[in-house]
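Heads up: the structure comes next, in structure tokens.
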Amino acid sequence: MGIFDGLMGNASEVDVDQAQKEFGHLLASSESIEKSYILIRDMFLFTNKRLILVDKQGLTGKKVSYLSVPYRSITRFSIETAGHFDLDAELNIWVSGHDQPVIQKQFNKKLNIYDLQSVLAEYVLQ
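Here you go:
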């Protein structure tokens, strides 16, 4: 991910092996990371069982908040592809009990939003 992408608030894909090493301590024994993305210094991880949002807080980022959303709690999701003038693709996720999207993320045009949607659909629709 380039510095410009990070400053613009766009997410980019991260190597799964790197994410597995860094966040393996959060996973259950039968769980593995399928896809991972970074947004400035926050991350979100798609595992084979849930979505984990990693929110680094404060100036140093040493304080970290982890939000775990089991796929069975996701009631719907939407994607919006990037256009010629709109450089961002968007992902919105609704969780049971909420009428507005709980998770809203933007991705740069380099990311294939269809791959991301496919991973999410595979687990949500089981």
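Going letter by letter, the sequence shown gives residues 1327 to 1452 in the numbering used here. The C-beta atom is built at its ideal place from N, Cα and C for all residues, glycine as well.
key: Option in Y1449, H1410, S1404 and D1343 with minimal Cα separation from I1419   = Residue 1419 sits at position 93 when you count from the first residue of the sequence shown. Of Y1449, H1410, S1404 and D1343, the residue nearest in Cα terms is S1404.
task = Please work out which residues of its chain come closer than 6 angstroms, Cβ to Cβ, to G1387, disregarding the five sequence neighbours upstream and downstream, and give them in chain order.
result = Counted from its first residue, the sequence shown places residue 1387 at position 61. Result list for G1387: R1367, in chain order.
request  = Within 10 angstroms of the Cβ of N1438, are there 16 or more other Cβ atoms? Answer buried if so, exposed if not.
outcome  = Taking the first residue of the sequence shown as position 1, residue 1438 is located at position 112. Its Cβ having fewer than 16 others within 10 Å, N1438 is exposed.
ask   = Do S1394 and N1374 have their CB atoms nearer than 8 angstroms?
value = Against the sequence shown, residue 1394 aligns to sequence position 68. Against the sequence shown, residue 1374 aligns to sequence position 48. Cβ distance not < 8 angstroms, so S1394 and N1374 don't count as in contact.
inquiry  = Within the continuous beta strand (DSSP E) that includes L1371, where are the two ends?
reply    = In the sequence shown, residue 1371 corresponds to position 45, counting from 1. Where L1371 is concerned, the enclosing beta strand (DSSP E) stretches over D1368 to T1373.
ask   = Tell me which same chain residues have a C-beta within less than 7 angstroms of the C-beta of R1376, skipping the five on either side of it?
value = The residue given as residue 1376 occupies position 50 in the sequence shown. S1394, V1395, P1396 and Y1397.
key: Three-state secondary structure assigned by DSSP to S1362   = By 1-based counting over the sequence shown, the position of residue 1362 is 36. In this structure, S1362 counts as strand in the three-state DSSP scheme.
task = Can you have a look at D1343 and say buried or exposed, based on whether 16 or more other CB atoms are within 10 angstroms of its CB?
result = Translated into the one-based positions of the sequence shown, residue 1343 becomes position 17. It is exposed - the Cβ of D1343 has fewer than 16 other Cβ atoms within 10 Å.
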